[in-house]
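Data first, discussion second: the structure below is written as structure tokens.
In our numbering, the protein residues as written are 72 to 1076.
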């Protein structure tokens, strides 16, 4: 199969390259076409280019571009926000009409589009075709923090952003980047208000491409790449493990378990079957690289009456495991989309969109990566060689003859009475599974121009339907494992006998489980008004109704969002701005009398560069400041329905009467509070937009203060102690609006464009810095340093270490430990409250976890164009967050598998250099708990992408059927730099992180 895929990719390359050069005419003609939009407006600043002649021209204020080119040469016409158009240069070329997915400089925001120069309220956007031109990606938000200020995986430090694809809530993974025209990031309250309650944490809007009135355009893109694992966990071999386990037992006052002979035999490697030393990350089980292939075909075109866009794509990818059934593991995706626009008449237009996504994942019935972190290397030999079996052992040979699983004709599956199943045997004989996912999406909309009723009035509507389903289909097999009994005869090891555990059995029955579905129905309708008076007073308004409902398997209540919205906007000559957005929301998660609320927001803007004191500046091209404020009511932070009601249960305490019969009482689990109201997001932000030095430098930045107030809490501190009883167990404590969370921060997005000699340079830098605070909490800690109020929301709490205990005298002269007996080499902690006991009351704030993204996130993208070559590089930086080394790779106790971390353990000889506590076969409760001893910084810089592209010139392509042809090579996830980069690049208990190297071809016909 791998060879077939390689041949397919090779054939595409061969077909894409033309077989001959076309002769070019030398006749020159002078053209002066007028560049217009599809609505008849002339376009200033459109660029007309002839690569064959090496000339270009820019359209003037009348839309005219004068250029001298070769007759019948291809010329390209492009303008910001418009689709690039390719056409032949002929003497009768007079008008050139440009159509666009997003006309002109338009940016999609809530239920409307705006000129990019009029954006306010915390809105950022990217045009996906511009990103894909130099940076091919397969996930819409891949490395987006390098292009969008305020985005770090979340928006302004808020989690749970609402994702909309063509106006309907959908999974972001259901759309491929090649299908996308634009992604808008709505961060501030005024930007999201019209979407209602569920949008209070931000909105990510994805707009897919649409057809344009042009001759049919076909774009083909195909890619072939390889993933190479970056790093694996490193565990000790059998001999070293046995030695250190003996040391751990000695530390605990126990006798050694393994003899020196056992340790030597397992270390020597002379017979790995008798003395196993299993490495689950060896080339025996894992391959050095695995392939990924994907391709996309886009077809678009149409005329003024009907336009269409079609996208068909596929992806197939292997995995790093390379043995048994796992060698067939693969992920496969196929998607198809069709978007159609119709102008039914001069006043009414309609659109119909449909897409389908088919995804399959072939896997095995085991957790190989989880098992690799727990199974010690000497436990058993995974495979038993048949040629070691004594020829006279009829019973063992009988096992071989009747086994259903003789691996490669050479091995039986190994195991023990305690290890009758294991990941390696599971992969060889345990069966396989196939995860299947299907998604179907449908949109239909009608727009009406009502200018005959009122000039500037229009109507829009949109209906959306999604249906997603998935299930897992598996074949589950039982199998036998064998434990060998070894002997040595004449100096040669041989298997004297085999002990069989389990039976080979296959029902050959398909099992279907994990069935799941989700259905989304969405509808919106709106009246729009937009009009300019005397060319100065620009007025816009919108009245809308919007709602959606999501039904999901195993969830009784549907997720619902319904609201009415009102938008009012005014600007005077794009100099002074005033906008109001408000939503009247409804939620069934509160009591009936509190289910409605109004969310108002306001934005004011001032373009200072249009004032007399700046209008003649040679430095400032554009300078605008704006301020936004508002209050959003939301039910996003309400965890369940009916929290306002009391809960009574008949499963209370037992009691009995004199007759001796047992009865259960009625207990109260929660008190009633019908006055619960919506939590609120209260926010104010200040925004700056600027361009300097004739658009050499552009800058957008915001500072914001956002508070979530009235968050639900059920806390006994707020009520007298008699509201809770210990026996019978009852509580009359209700939920109340009490907790407040505060977020403050700033974001920026800076772009620099400069031509130096023959090289066009483009540099983009973006960033977000934010802080969080538990502004109000109900708490009653004995020591004030443990109060959560005033501390970050992502605070990590733990003990503060003070080295290791050096001896028994040190232990006796230190505070007593409440976590169990300690010995020399255990971690010593600081007694924060000086009460002479180390316990949970000594836990302090250690650092921020960055659970909503690192406190500081920055991204950088650099593009350099030289003739037909383009170099692109992208890097991201995250700083200010910490994490805890709290898994078994570090917290090695009892019978855990030992990683290389334990090599730096404490011993009498290493007590001055040790970085790991003494080894123990007990639970190590004193050592293995949250403390700054295990804390590490997650600061990192990632060289996330490098791509080099080449576009074949027109002198090679000629006037044939290939209009554009380009190729590119790229590398992703190339390098991580940081104080703990080795740890940050390593996955423990899951598949490894990978570097990805890709070769791609893009052709336009």
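The beta-carbon is built from N, C-alpha and C at its ideal position, and this holds for glycine as well. Values in this document were obtained by computation on a predicted structure and should not be read as measured data.
{"Item": "Residue burial classification, residue 122 (beta-carbon count within 10 angstroms, cutoff 16)", "Value": "buried"}
{"Item": "Identity of the residue in 585, 934 and 504 nearest residue 205 by Cα", "Value": "934"}
{"Item": "Extent of the continuous alpha helix (DSSP H) to which residue 258 belongs", "Value": "Careful: residue 258 lies outside any alpha helix (DSSP H) and carries neither H nor E."}
{"Item": "Rounded C-alpha distance that separates residue 348 from residue 465", "Value": "29 Å"}
{"Item": "Reference residue 226; option with closest CA among 266, 184, 190 and 270", "Value": "270"}
{"Item": "First and last residue of the uninterrupted beta strand (DSSP E) at residue 55", "Value": "Outside the modelled stretch of the chain, which goes from 72 to 1076, sits residue 55, for which no answer is possible."}
{"Item": "Where residue 599 falls, given that 16 or more other Cβ within 10 Å makes a residue buried", "Value": "buried"}
{"Item": "Rounded distance between the beta-carbons of residue 788 and residue 850, thought under 8 Å", "Value": "6 Å"}
{"Item": "Opposing strand residues paired with residue 196 [DSSP bridges]", "Value": "255"}
{"Item": "Whole-Å CB distance - residue 755 paired with residue 776, under 8 Å assumed", "Value": "6 Å"}
{"Item": "Closer than 7 Å: residue 884 CB and nearest the ligand ZN heavy atom", "Value": "Ligands in the displayed structure: none, and consequently the ligand ZN is not present."}
{"Item": "Nearest neighbour of residue 400, chosen from 388, 452, 524 and 866 [CA to CA]", "Value": "388"}
{"Item": "Coarse secondary structure for residue 679, derived from DSSP in three states", "Value": "helix"}
{"Item": "8 Å Cβ shell around residue 677 - same chain, five flanking residues per side excluded", "Value": "646, 647, 648, 695, 696 and 697"}
{"Item": "Helix, strand or coil at residue 608 according to DSSP, with G and I counted as helix", "Value": "strand"}
{"Item": "Residue 1005 - containing beta strand (DSSP E), residue span", "Value": "It is not in any beta strand (DSSP E) - residue 1005 carries neither H nor E in the DSSP assignment."}
{"Item": "Spatial distance of residue 693 from residue 251 (CA atoms)", "Value": "29 Å"}
{"Item": "4-residue-minimum alpha helix (DSSP H) runs that sit fully inside the stretch 480 to 531, ordered along the chain", "Value": "494 to 500"}
{"Item": "Beta-bridge pairing of residue 820 - partner residues as DSSP gives them", "Value": "771 and 837"}
{"Item": "Chain-order list of residues whose beta-carbon lies under 8 Å from that of residue 178 (same chain, five-residue window excluded)", "Value": "184, 185, 186, 187, 190, 194, 196, 253 and 255"}
{"Item": "Delimiting residues of the alpha helix (DSSP H) encompassing residue 337", "Value": "331 to 339"}
{"Item": "Proximity below 8 Å, CB of residue 659 to CB of residue 715", "Value": "no"}
{"Item": "Rounded distance between the beta-carbons of residue 900 and residue 881, thought under 8 Å", "Value": "Incorrect: roughly 13 Å between the Cβ atoms, too far for contact."}
{"Item": "Residue of 650, 1052, 768 and 344 minimising C-alpha distance to residue 261", "Value": "650"}
{"Item": "Test: residue 472 CB closer than 8 Å to a CB of chain C", "Value": "Although the question refers to chain C, the structure presented lacks it and comprises just one protein chain."}
{"Item": "Assumed close pair residue 150, residue 116 - CB separation to whole angstroms, cut-off 8 Å", "Value": "6 Å"}
{"Item": "Residue 476 beta carbon less than 8 Å from that of residue 500", "Value": "yes"}
{"Item": "Residue 526 classed as buried or exposed, judged by whether at least 16 other C-beta atoms fall within 10 angstroms", "Value": "exposed"}
{"Item": "Cβ pair residue 113, residue 107 closer than 8 Å", "Value": "yes"}
{"Item": "Segment contact flag, the stretch 293 to 310 with the stretch 273 to 283, C-beta cutoff 8 Å, min 3 pairs", "Value": "no"}
{"Item": "Nearest-angstrom Cα separation, counted from residue 508 out to residue 595", "Value": "28 Å"}
{"Item": "Residue 980 classed as buried or exposed, judged by whether at least 16 other C-beta atoms fall within 10 angstroms", "Value": "exposed"}
{"Item": "Pair within 8 Å by beta-carbon distance, residue 632 and residue 268", "Value": "yes"}
{"Item": "Neighbour-count burial assignment, residue 365, 16 or more Cβ in a 10 Å radius", "Value": "buried"}
{"Item": "N- and C-terminal bounds of the beta strand (DSSP E) containing residue 762", "Value": "751 to 763"}
{"Item": "Residue 232 and residue 275 closer than 8 Å at C-beta", "Value": "yes"}
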